[in-house]
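Comments concern the structure below.
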Amino acid sequence: MSLTPTGRRAAAAAVTAALLLPLAACGSDGAAADADGSGDGAPKVKLTVLAAASLTDVFRTAGAAYEKGHPGTTVTFSFAGSQQLAAQVRQGAPADALVTADTRTMDGLKSETGTPAVIAKNRLVIATGEGNPEGIRSLKDLTDAGLKVVLAASEVPVGRYSRQVLDAQKLTVRPVSEEPDVRAVLSKVELGEADAGIVYKTDAATATGKVDAVDIPDGQNALASYPAATLLSSGNRKAAADFVRWLTTSQAQKILSDAGFQQP
């Protein structure tokens with residue numbers, strides 16, 4: 056049976072489509088494989104790191120540097136008070152690594168983490184409104200009943216450190232509010248809702264031009280340690296361990312130092 060020109064063109068198109076279909080399917084499978092890290096391209100790893108609120112700015116910088124040096128890896132951070140992070144871990148929140156603002160919180164999660172490593176240290180300062188309008192010069196000034204002082208809650212590392220230094224000087228401060236993390240304390244002072252608050256030195260540095268920082272003498276101060284550890288529930292244990300290890304490298308330590316953190 057002979058085909059008309061129109062029939063021949065239709066038959067040719069059908070044959071071509073049949074030949075291209077398997078190739079298209081292969082291409083689709085390859086793209087999907089690359090997207091989920093199972094193809095020939097670089098593995099795609101997504102890390103979720105739970106980190107203390109005081110690390111918000113510096114870890115965004117550190118995360119970008121890590122991703123640049125580790126193609127295919129994406130690092131997402133969840134920032135909160137260390138006590139809130141601990142609660143998330145206990146509740147089984149999906150995450151790969153944890154960094155707290157104190158060793159006490161990390162030690163309470165021994166059954167949930169790998170061996171922690173201290174990556175940085177920090178000190179306290181008194182944050183005041185820009186220009187220090189109340190003329191605050193020392194911890195003792197915070198006892199003035201006419202001042203609105205805000206502290207972090209006692210279960211928050213910075214709140215515990217704050218009470219530690221005040222108690223050591225036998226000073227009684229009655230805060231107008233107790234906040235869930237150090238950034239909330241800083242925000243109250245920035246917004247003028249408080250005259251002063253005790254925060255980490257590095258947090259006050261992020262608000263230059265909005266708050267002033269009054270130094271606390273070393274003999275009256277507290278030293279905060281930041282341990283980092285992998286989470287045993289992580290689905291990316293090796294990549295998480297690599298990230299935690301990277302935080303101790305000279306590159307990461309310079310980023311932390313530039314932000315005002317002390318060496319571990």
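Per my numbering, residue 56 is the first one in the sequence shown, and the count goes up by one each step. Cβ atoms here follow ideal geometry from the backbone N, Cα and C, with glycine treated the same way.
Tell me, please, which residues DSSP counts as bridged to residue i.
| i | result |
| --- | --- |
| Asn-177 | Ala-279 |
| Asp-267 | Thr-183 |
| Gly-252 | Ala-182 and Val-205 |
| Lys-101 | Thr-129 |
| Ala-106 | Phe-134 and Val-154 |
| Gln-317 | Lys-176 |
Report back the beta-carbon spacing between residue i and residue j to the nearest angstrom; my notes put them in contact at under 8 angstroms.
| i | j | result |
| --- | --- | --- |
| Asp-151 | Leu-286 | 6 angstroms |
| Ala-284 | Gly-169 | 5 angstroms |
| Val-113 | Leu-311 | 6 angstroms |
| Thr-303 | Ile-174 | 6 angstroms |
| Glu-234 | Ala-268 | Incorrect: roughly 18 angstroms between the Cβ atoms, too far for contact. |
Can you tell which of the options has its C-alpha closest to the C-alpha of residue i?
| i | options | result |
| --- | --- | --- |
| Tyr-255 | Val-231, Val-100, Leu-194 and Ser-109 | Ser-109 |
| Tyr-121 | Gln-138, Gln-317 and Leu-102 | Leu-102 |
| Pro-319 | Ala-142, Ala-260, Pro-171 and Arg-145 | Pro-171 |
| Val-180 | Asn-291, Glu-210 and Leu-278 | Leu-278 |
| Lys-225 | Leu-194, Ala-106 and Phe-132 | Leu-194 |
| Val-205 | Ala-175, Pro-149 and Asp-236 | Asp-236 |
| Lys-203 | Phe-134, Ala-249, Ala-268 and Arg-145 | Ala-249 |
| Arg-238 | Ala-260, Lys-293, Asp-273 and Asp-222 | Ala-260 |
| Ser-133 | Gln-308, Pro-212, Asn-177 and Arg-115 | Arg-115 |
| Thr-131 | Gly-252, Phe-298 and Val-211 | Phe-298 |
| Gln-306 | Thr-111, Val-100, Lys-99 and Ala-119 | Ala-119 |
| Thr-129 | Thr-111, Val-100, Val-144 and Lys-176 | Val-100 |
| Arg-145 | Gly-127, Leu-105 and His-125 | Leu-105 |
- Query: Does the stretch 205-221 come within contact of the stretch 148-158, defined as at least 3 CB pairs closer than 8 angstroms?
  - Reply: These segments touch.
- Okay, do the stretch 167-187 and the stretch 260-268 touch, 3+ Cβ pairs below 8 angstroms being the bar? Yes: the two stretches touch, three or more of their Cβ pairs being nearer than 8 angstroms.
- Message: In chain order, what are the residue ranges of uninterrupted beta strand (DSSP E) at least 3 long that sit wholly in the stretch 151-238?
- Response: Runs of the beta strand (DSSP E) inside the stretch 151-238: 152-154, 172-184, 204-207 and 232-234.
- Message: Does the structure place the stretch 198-210 close enough to the stretch 221-230 that three or more beta carbon pairs sit under 8 angstroms?
- Response: Enough Cβ pairs lie closer than 8 angstroms, so yes.
- Message: Taking contact to mean 3 or more Cβ pairs, one atom from each stretch, closer than 8 angstroms, check whether the stretch 130-145 and the stretch 308-315 are in contact.
- Response: No, the stretch 130-145 does not touch the stretch 308-315.
- Item | Continuous beta strand (DSSP E) assignments of at least 3 residues falling wholly in the stretch 115-149 | 128-135, all fully within the stretch 115-149.
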